[in-house]
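Asks:
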Amino acid sequence: MKLRMKALAGISCPDHKMDRILKAQGFRSSHNQPPVYNMEIRDAASGGTYRLTLPTSFKKKEHRTKYLGLDTPTIKLQSPMNSKFESFVPEPVVTAVWGKIEEIASYLKS
Numbered sequence: 048m049k050l051r052m053k054a055l056a057g058i059s060c061p062d063h064k065m066d067r068i069l070k071a072q073g074f075r076s077s078h079n080q081p082p083v084y085n086m087e088i089r090d091a092a093s094g095g096t097y098r099l100t101l102p103t104s105f106k107k108k109e110h111r112t113k114y115l116g117l118d119t120p121t122i123k124l125q126s127p128m129n130s131k132f133e134s135f136v137p138e139p140v141v142t143a144v145w146g147k148i149e150e151i152a153s154y155l156k157s
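Count along the sequence shown from 1, add 47, and you get the number used in my numbering.
1) Going by C-alpha distance, which of Leu115, Lys156 and Gln125 is nearest valine 83?
2) Starting from glycine 116, trace the beta strand (DSSP E) in both directions and tell me its first and last residue.
3) For the segment 82-96 and the segment 117-127, state whether three or more C-beta atom pairs, one from each stretch, are separated by less than 8 angstroms.
4) I'd like the span of the beta strand (DSSP E) that includes leucine 155, first residue to last.
5) Check the Cβ-Cβ distances between glutamate 138 and every residue of chain D, and say whether any is below 7 angstroms.
6) Between the Cα of glycine 73 and the Cα atoms of Ser104, Ser153, Leu99 and Lys108, which residue gives the shortest distance?
7) Can you check which of these residues, Asn79, Ala143 and Lys108, is closest to arginine 89 by C-alpha distance?
8) Going by the CB atoms, is the gap between valine 136 and isoleucine 122 shorter than 7 angstroms?
9) Is threonine 103 buried or exposed, if buried means 16 or more other CB atoms sit within 10 Å of its CB?
10) Find out if the Cβ-Cβ distance for the pair leucine 124, tyrosine 97 is shorter than 7 angstroms.
11) Run through DSSP, which three-state label would isoleucine 88 get?
Structural data, given as structure tokens:
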């Protein structure tokens, strides 16, 4: 499920700052260029585990510093128990993800 977020529009910062903030918030990075950040979210009510993915893209380069921006985040059930519900993400999980992304956006803007 893709999450369209106005909070992320137009945000870019040096890659080292983006990496530090996202890792401090519990994300793990891939070794792709540009990196993709992932976080596991466990829903106690349903017992499901979801993967929040934050892809990045290079926005510009000034001097020797690369600037990254966040692209459209996605969330999906990591190990579906029933393929019928593979794309379903409970509303409380989506709400928690939105809150987390809003928090990250505020850190990146400061």
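Glycine included, each C-beta is placed from N, C-alpha and C at the ideal position.
Replies: On the basis of the coordinates in this document:
1) Leu115
2) 112-117
3) yes
4) Unbroken run through leucine 155 is the alpha helix (DSSP H), 138-156; no beta strand (DSSP E).
5) The chain inventory of the structure shown lacks chain D, comprising one protein chain alone.
6) Minimum Cα distance to glycine 73 is reached at Leu99.
7) That would be Ala143, whose Cα lies nearest to the Cα of arginine 89.
8) Between isoleucine 122 and valine 136, the C-beta spacing is below 7 angstroms.
9) buried
10) yes
11) DSSP places isoleucine 88 in strand when its eight states are reduced to three.
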